[in-house]
Amino acid sequence: GESVGLHLPTLSVQEGDNSIINCAYSNSASDYFIWYKQESGKGPQFIIDIRSNMDKRQGQRVTVLLNKTVKHLSLQIAATQPGDSAVYFCAENLGNNRLAFGKGNQVVVIP
Amino acid sequence: EPEVTQTPSHQVTQMGQEVILRCVPISNHLYFYWYRQILGQKVEFLVSFYNNEISEKSEIFDDQFSVERPDGSNFTLKIRSTKLEDSAMYFCASGGVQETQYFGPGTRLLVL
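Line by line, the protein sequences are chains A and B.
Letter by letter, the first sequence follows residues 1 to 111 of the working numbering.
Letter by letter, the second sequence follows residues 112 to 223 of the working numbering.
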């Protein structure tokens, strides 16, 4: 039978280049956001988070930008490596720590 | 580094059977969660648990589902009478006083 599922947006990036992954969130009252990385067959792995009182936060090789005006999050990965190949999800805290995940973006790193 | 662990990694069951999915959260965490991910789809919130009671649940978490923290380390999700549409990856997560949730590797449930 035919399989039904989400066709994920895919970003193909050359090893060493920078990657930018975008996410739109739904709830203007959300005050906490997280980026997760999910490799095939594994659980979501925490990458970086940001609160709504900030518009930028940096980690190791990753930067998250938050634009509350347009309800938009982005994740920038510097010097992308083959190990960065995965599906990346943004998640927003709807309240009571109930996370709502976005659809996900597939990142494929080309060696 | 402490991790959330889940057992079993895979479970195959017949429709109508009960299943119990087990999780060991990170030891000093106080907040516990179950999420599910149907193949190829988004991760969906099921339930959150704090101070030995459910604090929030989604519309997916109907009377067929229950959670329990039977001792100081385990956190379980029971599905009383499984349906075909319960087939999914089930992820346990835990969190401390900060909001960050750390996920386990998941249990893949297949209902036949």
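No residue lacks a Cβ here, since even glycine has one placed at the ideal position from N, Cα and C.
**Message:** Spatial neighbours of GLU167 of chain B within its chain, please: C-beta separation below 6 Å, excluding the five flanking residues on both sides.
**Reply:** Residue 167 of chain B sits at position 56 when you count from the first residue of the second sequence. The answer, listed in chain order, is SER159.
**Interface flag, SER159 of chain B vs chain A, CB-CB below 8 Å** = In the second sequence, residue 159 of chain B corresponds to position 48, counting from 1. Yes, its Cβ sits closer than 8 Å to a Cβ of chain A.
**Item:** Proximal residues to HIS121 of chain B (C-beta, below 6 Å), its chain only, five neighbours per side dropped
**Value:** As a first step, residue 121 of chain B must be located in the second sequence, where it is residue number 10. Same-chain partners within the cutoff: ARG219.
**Message:** Taking CB distances under 8 Å as the criterion, tell me whether PRO216 of chain B reaches chain A.
**Reply:** By 1-based counting over the second sequence, the position of residue 216 of chain B is 105. At least one chain A Cβ lies under 8 Å of PRO216 of chain B.
**is_contact[THR187 of chain B, chain A] using C-beta, thresh 8 Å** = Residue mapping note: residue 187 of chain B aligns to position 76 of the second sequence, counting from 1. With 8 Å as the cut-off, THR187 of chain B does not count as an interface residue toward chain A.
**Item:** Contained beta strand (DSSP E) runs [length at least 3] in the stretch 161 to 223 of chain B, N- to C-terminal order
**Value:** 164 to 168, 176 to 179, 186 to 190, 199 to 206 and 218 to 222
**Asked** Of all the options B:ARG180, B:PRO216 and B:ILE190, which has the alpha carbon lying nearest to the alpha carbon of TYR142 of chain B?
**Response** Position 31 of the second sequence, counted from the start, is the residue given in the question as residue 142 of chain B. The shortest C-alpha separation from TYR142 of chain B is found at B:ARG180.
**Message:** 8 Å is my cut-off, CB to CB: does LYS42 of chain A come that close to chain B?
**Reply:** For the purposes of this step, residue 42 of chain A is taken as the residue at position 42 of the first sequence. Answer yes: the Cβ-Cβ gap between LYS42 of chain A and chain B drops below 8 Å somewhere.
**Contacts of LYS153 of chain B in chain A (Cβ-Cβ under 9 Å)** = Within the second sequence, numbered from 1, the residue matching residue 153 of chain B stands at position 42. Within chain A, the residues near LYS153 of chain B are LEU6, PHE89, ALA100, PHE101, GLY102, LYS103 and GLY104.
**Message:** Using a Cβ-Cβ cutoff of 9 Å, what residues of the stretch 194 to 206 of chain B are near chain A? List them in chain order.
**Reply:** MET200, PHE202, CYS203, ALA204 and GLY206
**Asked** Between the C-alpha atoms of PHE214 of chain B and PHE202 of chain B, what's the straight-line distance to the nearest angstrom?
**Response** For the purposes of this step, residue 214 of chain B is taken as residue 103 along the second sequence, with counting starting at 1. For the purposes of this step, residue 202 of chain B is taken as residue 91 along the second sequence, with counting starting at 1. Cα to Cα, PHE214 of chain B sits roughly 7 Å from PHE202 of chain B.
**Message:** Check this for me: beta carbons of ILE171 of chain B and GLU155 of chain B, under 8 Å apart or not?
**Reply:** Start at 1 with the first residue of the second sequence, and residue 171 of chain B comes out as number 60. Start at 1 with the first residue of the second sequence, and residue 155 of chain B comes out as number 44. For ILE171 of chain B and GLU155 of chain B, yes; Cβs fall inside 8 Å.
**Asked** Is it the case that the CB of GLN81 of chain A approaches a heavy atom of the ligand MG more closely than 7 Å?
**Response** The model on display carries no ligand, and the ligand MG is accordingly not part of it.
**Request:** Go to PHE116 of chain B, then tell me how far its beta strand (DSSP E) extends in each direction, as first and last residue.
**Result:** Mapped onto the second sequence, residue 116 of chain B falls at position 5. Reading off the sequence shown, one finds Thr at residue 116 of chain B, where the question assumed Phe. Where THR116 of chain B is concerned, the enclosing beta strand (DSSP E) stretches over 116 to 118.
**Asked** Are the C-beta atoms of PHE156 of chain B and some chain A residue less than 8 Å apart?
**Response** Within the second sequence, the letter at position 45 stands for residue 156 of chain B. PHE156 of chain B counts as touching chain A.
**Secondary structure of ASP84 of chain A, DSSP reduced to three states** = Mapped onto the first sequence, residue 84 of chain A falls at position 84. If DSSP states are grouped into helix, strand and coil, ASP84 of chain A belongs with the helices.
**Request:** Within the same chain, show all residues whose beta-carbon is closer than 7 Å to that of GLY95 of chain A, passing over the 5 residues directly before and after it, in chain order.
**Result:** Counting from 1 along the first sequence, the entry for residue 95 of chain A is found at position 95. So no residue of the chain qualifies.
**Request:** Between the Cα of ASP197 of chain B and those of B:GLN209, B:ARG147, B:ILE137 and B:GLU112, spot the shortest distance and give me the residue it belongs to.
**Result:** Looking up residue 197 of chain B in the second sequence gives position 86. Closest by alpha carbon: B:ARG147.
**Message:** Which of the three DSSP states is assigned to ASN97 of chain A in this structure?
**Reply:** What you label residue 97 of chain A is simply residue 97 of the first sequence in a count that begins at 1. Coil.
**Cβ-Cβ distance between GLN14 of chain A and ALA86 of chain A below 8 Å** = Reading the first sequence from its first residue, position 14 is the one you call residue 14 of chain A. Reading the first sequence from its first residue, position 86 is the one you call residue 86 of chain A. Contact flag unset, no.
**Item:** Rounded distance between the beta-carbons of THR187 of chain B and GLN128 of chain B, thought under 8 Å
**Value:** Within the second sequence, numbered from 1, the residue matching residue 128 of chain B stands at position 17. Within the second sequence, numbered from 1, the residue matching residue 187 of chain B stands at position 76. Not really, about 16 Å apart at Cβ, beyond 8 Å.
**Request:** Using a Cβ-Cβ cut-off of 8 Å, state whether ILE34 of chain A counts as contacting chain B.
**Result:** What you label residue 34 of chain A is simply residue 34 of the first sequence in a count that begins at 1. Output row for ILE34 of chain A: interface = yes.
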